[in-house]
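Report on one structure; see the data block that follows.
Number of protein chains: 2
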Amino acid sequence: MVIHRENEPIKNLVFDADSHHGVEFARMNADETWMQLAIEEAKKGIGLTSPNPAVGAVIVKNGQMLGKGWHTRAGMPHAEREAIANVLENHSAKAMMDATIYVTLEPCSTQGRTPPCTQGILDAGISRVVYGAEDPNPAHAGVAKRLLESQGLEVTVGVENEACLKLIRGFSKVQRSGLPWVMLKSAISLDGRITRPPGESQWLTSPASREMVQRLRFESDAIITGGNTFRIDNPALTLRSEALSAKTQPWRMVITRGKREELPPEHQLFTDVYADRTLVQESGDLLAALKQLAERGCQSVMVEAGGTLMAAFLEAKLVDEVAIFYAPLLTGGPDYGFAGLAEDISLRNSEFTQIGDDLLLRALVG
Amino acid sequence: MVIHRENEPIKNLVFDADSHHGVEFARMNADETWMQLAIEEAKKGIGLTSPNPAVGAVIVKNGQMLGKGWHTRAGMPHAEREAIANVLENHSAKAMMDATIYVTLEPCSTQGRTPPCTQGILDAGISRVVYGAEDPNPAHAGVAKRLLESQGLEVTVGVENEACLKLIRGFSKVQRSGLPWVMLKSAISLDGRITRPPGESQWLTSPASREMVQRLRFESDAIITGGNTFRIDNPALTLRSEALSAKTQPWRMVITRGKREELPPEHQLFTDVYADRTLVQESGDLLAALKQLAERGCQSVMVEAGGTLMAAFLEAKLVDEVAIFYAPLLTGGPDYGFAGLAEDISLRNSEFTQIGDDLLLRALVG
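Sequences listed follow chains Y and E, in order.
Each residue of the first sequence is one higher than the last, beginning at 55 in this note's numbering.
Each residue of the second sequence is one higher than the last, beginning at 55 in this note's numbering.
Written as structure tokens, this is what we have:
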């Protein structure tokens, strides 16, 4: 379990952690330091790159960063090419000779919508390649290493591996299983309830938490809700307009036990300007819903629903992660956030973070 | 909200907080520093001193601590007398001339089971008295200040007031209302349930949390449970033997809606070696239960019960504090920790602490 405080300064693990041995420690961990910068680059793409993964790269020579880049969108240049282009904006092509490139994911070695990055690296004259995670497709994993080494480059694999794998967890899951990464989001009171007694404000969580939900939506390719929530709350499930300048409205999917025509046709999801981004899964078929979303390029989806659909997803073992906002009260309201759940669900890697007056739990399931 | 990490080092607020201005800051806050030491002394008595409050004292001269002491048990010397005696163990009586005494609570000025501490302070030749909290009995508040000042001593009141008030919150509540401080303790899953599905282990929380429950029991003068828990779980509600070398077994009170003779007579609370420390409150009368305990000298009681009694205490506005242990799982078990609660209960001063794999919430109610 990890507990974070709000606004906790991000620690520079290399230079702050152990100040007496600063110099030696920094030299030992130069690869990790540069990879952390590449990870920071990659993070800029989270939520934007599907069906591609978020990837970041930095190019370094003699302890100096020459350039950096991240993959901004499917069809646009990969992070390696962005970083190479960034170097060339400020330096001559010669500067790149014998440089090292740090990239969060194994460079692609096949022609896709863009030419293979391994070729770009070779063309640039880079002499060392460090990457954090192997390609999750077993047919591609390690191909870049063999190819680059055969051309005389030094290749190091697995630096900051865990963080680099986290960046591509949705992409990996689709590769592996044909299903997207599924996060359940709930907001409950400290006694587990999703509602407050009649007559009280129906807001549970603070503005800061609602802001964070916007961020989670931004990082998702689709938002799933249930037929009951659709009928009763008539939710919009939209991103705010600022976010929509960077990203298409995520898919909105209603999973109903009945048929589409039984849902109220006048509700927002069917009538607002993003109505073409609304999907319906009939017969409560969770697996079909997720497959349908994966086929549309979704690698990361969020479920925002009531206790019954939440429980169904958990019991079907289709959930990878939970994000539960706890509001600082015991509500005594009539409905529980995980009503209907009748199985033990273990959580791993729990992280608690203070968000305004609320507490956010993020944990992996199973 | 405050979030604590497990094993977080206790910060020395004076010397660590603001290192650039260390010297100046330390001088400004010498009173706070010494009072913090007095508070540390007082803490040793928490759970042991009822019906008296926990009090600590240190005696200081020329920036050096000459002695310290805490009130160990009703009928034993007060903290001030313990500190004076401690000085005399290592120094001559002359050393105390013109010393300062820091004491967490206003010294008593009346003859009780022990002679008044104000007289002891005068006899010792102490010239300055600093105390953190006034006597919560309005008839006594400020009397020590006036008396000591009339004898030419310098008196400072209110240093580390909040922490000093916290030390005596049970004592104050009894003085003010005739009722003890009431803490509800619960252990629930992250979906708010108190049980796991049939067939799973019925332990929710980790050994570290169960250890912490022992500590909470140690700090309590009585443990309250409900008739249902008594019948179904047959709990012992005992302190471990190590703790019992320092403290009498807290009172154990069963609140039943029916009559005592309807409870199973063979259950532990009625038959174990502490059976004389078991009380029963009939007719589910919560107020009578608390009054009965206050009359027996209890200033701090803990409720360890099921959802119905928990809810009854909360709805009757008889709860001062909650301590809720969250186990890191969604259980889907049949019973909720706060079942029966049908009112919004706000929490203040929430503090979350990691305890093993669990999360402990402590918060004030209302």
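For glycine and all other residues, C-beta sits at the position ideal for the given N, C-alpha and C.
Alpha carbon to alpha carbon, what distance is there between residue 298 of chain E and residue 227 of chain E?
-> Walking along the second sequence from the start, residue 227 of chain E turns up at place 173. Walking along the second sequence from the start, residue 298 of chain E turns up at place 244. Approximately 26 Å, taken between the alpha carbons.
Leaving aside the five residues before and after residue 233 of chain E along the sequence, list all residues of the same chain whose C-beta is less than 7 Å from its C-beta, in chain order.
-> The residue you call residue 233 of chain E lines up with position 179 of the second sequence. The beta carbon of residue 233 of chain E lies closer than 7 Å to those of 227, 344, 345 and 348 in the same chain, with the five residues before and after it left out.
Which residues, taken in chain order from the region 244-256 of chain E, show a beta carbon closer than 8 Å to some beta carbon of chain Y?
-> Of all residues in the region 244-256 of chain E, 244, 245, 246, 247, 250, 251 and 254 have a Cβ within less than 8 Å of some Cβ in chain Y.
Near residue 243 of chain Y, what residues of its chain come up, given a Cβ to Cβ distance below 8 Å and the 5 sequence neighbours on each side ignored?
-> As a first step, residue 243 of chain Y is located in the first sequence; it is residue number 189 there, counting from the start. Correct list, in chain order: 250, 258, 380, 381, 383, 384, 385 and 387.
Secondary structure at residue 406 of chain Y, three-state DSSP: helix, strand or coil?
-> Stepping through the first sequence from its first residue, residue 406 of chain Y is reached at position 352. Residue 406 of chain Y falls in the strand class under three-state DSSP.
Going by beta carbon distance, what residues of the same chain come within less than 7 Å of residue 132 of chain E, once the five residues before and after it are set aside?
-> For the purposes of this step, residue 132 of chain E is identified with residue 78 of the second sequence, where counting begins at 1. For residue 132 of chain E, where only same-chain residues beyond five positions count, the Cβ hits under 7 Å are 109, 125, 162, 168 and 171.
Report yes if the C-beta distance between residue 319 of chain Y and residue 277 of chain Y is below 8 Å; otherwise report no.
-> Residue numbering aside, residue 319 of chain Y sits at position 265 when the first sequence is read from its first letter. Residue numbering aside, residue 277 of chain Y sits at position 223 when the first sequence is read from its first letter. In this structure, residue 277 of chain Y does not lie closer than 8 Å to residue 319 of chain Y by Cβ.
Could you give the distance in angstroms between the alpha-carbon of residue 283 of chain E and the alpha-carbon of residue 88 of chain Y?
-> As a first step, residue 283 of chain E must be located in the second sequence, where it is residue number 229. As a first step, residue 88 of chain Y must be located in the first sequence, where it is residue number 34. Within the model, the alpha-carbon separation for residue 283 of chain E versus residue 88 of chain Y is close to 58 Å.
For residue 400 of chain E, which three-state DSSP category applies?
-> Numbered from 1 along the second sequence, position 346 holds the residue referred to as residue 400 of chain E. Residue 400 of chain E falls in the strand class under three-state DSSP.
Would you kindly work out how many angstroms separate the C-alpha atoms of residue 322 of chain E and residue 280 of chain E, rounded to a whole number?
-> Counted from its first residue, the second sequence places residue 322 of chain E at position 268. Counted from its first residue, the second sequence places residue 280 of chain E at position 226. For the pair residue 322 of chain E and residue 280 of chain E, the Cα-to-Cα distance works out to about 14 Å.
Please work out which residues of its chain come closer than 7 Å, Cβ to Cβ, to residue 137 of chain E, disregarding the five sequence neighbours upstream and downstream, and give them in chain order.
-> Counting from 1 along the second sequence, the entry for residue 137 of chain E is found at position 83. Correct list, in chain order: 111, 112, 113, 121, 122, 123 and 155.
Where does residue 1 of chain Y sit, in a helix, a strand or coil, going by DSSP?
-> Because chain Y spans 55 through 420 in this model, residue 1 of chain Y falls outside it and cannot be assessed.
With DSSP run on the structure shown, which of helix, strand or coil describes residue 76 of chain E?
-> Counting from one through the second sequence, the residue named residue 76 of chain E turns up at place 22. Note that residue 76 of chain E has pLDDT 45, beneath the 50 cutoff, so the model's placement of it is unreliable and no number is given.
Segments assigned alpha helix (DSSP H), at least 4 residues, entirely inside the region 270-295 of chain E = Within the region 270-295 of chain E, the complete alpha helix (DSSP H) segments at least 4 residues long are 281-287, listed from N- to C-terminus.
Anything in chain E within Cβ reach of residue 398 of chain Y, meaning under 7 Å, just list it in chain order.
-> Numbered from its first residue, the first sequence carries residue 398 of chain Y at position 344. In chain order: 250, 251, 254, 383, 385 and 386.
Chain E partners of residue 415 of chain Y, CB-CB under 7 Å?
-> In the first sequence, counting from the first residue as 1, residue 415 of chain Y sits at position 361. For the C-beta of residue 415 of chain Y, the chain E residues within less than 7 Å are, from N- to C-terminus, 244.
Determine, using beta carbons only, whether residue 391 of chain E comes closer than 8 Å to chain Y.
-> Stepping through the second sequence from its first residue, residue 391 of chain E is reached at position 337. Residue-level contact by beta carbon holds for residue 391 of chain E and chain Y, with a gap shorter than 8 Å.
Run through DSSP, which three-state label would residue 172 of chain E get?
-> Mapped onto the second sequence, residue 172 of chain E falls at position 118. It is helical.
Any chain Y beta carbon closer than 8 Å to residue 341 of chain E = Position 287 of the second sequence, counted from the first residue, corresponds to residue 341 of chain E. For residue 341 of chain E, the answer is no, since every Cβ of chain Y falls outside 8 Å of its Cβ.
Using DSSP with H/G/I as helix, E/B as strand and the rest coil, what is residue 97 of chain Y?
-> Along the first sequence, read from residue 1 onward, the residue named residue 97 of chain Y stands at position 43. Helix, per DSSP.
In the structure shown, what three-state DSSP assignment does residue 366 of chain E receive?
-> As a position in the second sequence, residue 366 of chain E is number 312, starting the count at 1. If DSSP states are grouped into helix, strand and coil, residue 366 of chain E belongs with the helices.
So what's residue 201 of chain E in DSSP terms, helix, strand or just coil?
-> Here residue 201 of chain E refers to the residue found at position 147 of the second sequence. Of the three classes helix, strand and coil, the one that applies to residue 201 of chain E here is helix, per DSSP.
Buried or exposed for residue 106 of chain Y, please, with buried defined as at least 16 other CB atoms from any protein chain shown within 10 angstroms of its CB.
-> Translated into the one-based positions of the first sequence, residue 106 of chain Y becomes position 52. With 16 or more other Cβ atoms within 10 Å, it is buried.
Since residue 417 of chain E contacts residue 403 of chain E with CB under 8 Å, what's their CB separation in whole angstroms?
-> Within the second sequence, numbered from 1, the residue matching residue 417 of chain E stands at position 363. Within the second sequence, numbered from 1, the residue matching residue 403 of chain E stands at position 349. The Cβ separation is near 6 Å, so the contact holds.
Apart from the five residues on each side of it in sequence, which residues of its chain come closer than 6 Å, Cβ to Cβ, to residue 218 of chain Y?
-> Counted from its first residue, the first sequence places residue 218 of chain Y at position 164. Around residue 218 of chain Y: 158, 186 and 187.
Are any of the Cβ atoms in chain E nearer than 8 Å to that of residue 406 of chain Y?
-> On the first sequence, position 352 is the one that residue 406 of chain Y refers to. Cβ-Cβ to chain E under 8 Å: yes for residue 406 of chain Y.
CB contact below 8 Å: residue 395 of chain E versus chain Y = Against the second sequence, residue 395 of chain E aligns to sequence position 341. Yes, residue 395 of chain E lies at the interface with chain Y (some Cβ there is under 8 Å from its Cβ).
Endpoints, the beta strand (DSSP E) within which residue 138 of chain E is located = Sequence index remark: in the second sequence, residue 138 of chain E carries index 84 (1-based). Under the DSSP assignment, residue 138 of chain E falls outside any beta strand (DSSP E), being part of the alpha helix (DSSP H) whose first and last residues are 133-144.
For residue 148 of chain Y, three-class secondary structure by DSSP | By one-based count along the first sequence, residue 148 of chain Y stands at place 94. Reduced to three states, the DSSP call for residue 148 of chain Y is helix.
So is residue 374 of chain E buried or exposed if we call it buried at 16+ other beta carbons inside 10 Å?
-> Position 320 of the second sequence holds residue 374 of chain E. By the 10 Å Cβ count, residue 374 of chain E comes out buried.
Note down, in chain order, every chain E residue with its Cβ under 9 Å from the Cβ of residue 368 of chain Y.
-> Position 314 of the first sequence holds residue 368 of chain Y. Ordered by position in chain E, the residues that pass the 9 Å Cβ test against residue 368 of chain Y are 384 and 386.
Can you tell which of Y:271, Y:399, Y:315 and Y:313 has its C-alpha closest to the C-alpha of residue 306 of chain Y?
-> Within the first sequence, the letter at position 252 stands for residue 306 of chain Y. Distances from the CA of residue 306 of chain Y to each of Y:271, Y:399, Y:315 and Y:313 were compared; the closest alpha carbon is that of Y:271.
Do you know how far the Cα of residue 398 of chain E is from the Cα of residue 254 of chain Y?
-> Sequence index remark: in the first sequence, residue 254 of chain Y carries index 200 (1-based). Sequence index remark: in the second sequence, residue 398 of chain E carries index 344 (1-based). So the alpha carbons of these two residues sit roughly 8 Å apart.
Listed by chain order, chain E residues near residue 401 of chain Y by CB distance under 8 Å = The residue given as residue 401 of chain Y occupies position 347 in the first sequence. Within 8 Å Cβ-Cβ: 244, 382, 383 and 384.
Provide the residue(s) that pair with residue 358 of chain E in DSSP beta bridges, ordered along the chain.
-> Position 304 of the second sequence holds residue 358 of chain E. DSSP lists E:239 as partners of residue 358 of chain E.
Counterpart residues of residue 102 of chain E in DSSP-defined beta bridges = Taking the first residue of the second sequence as position 1, residue 102 of chain E is located at position 48. Looking at the DSSP assignment, residue 102 of chain E forms no beta bridge with any residue, so it has no partner.
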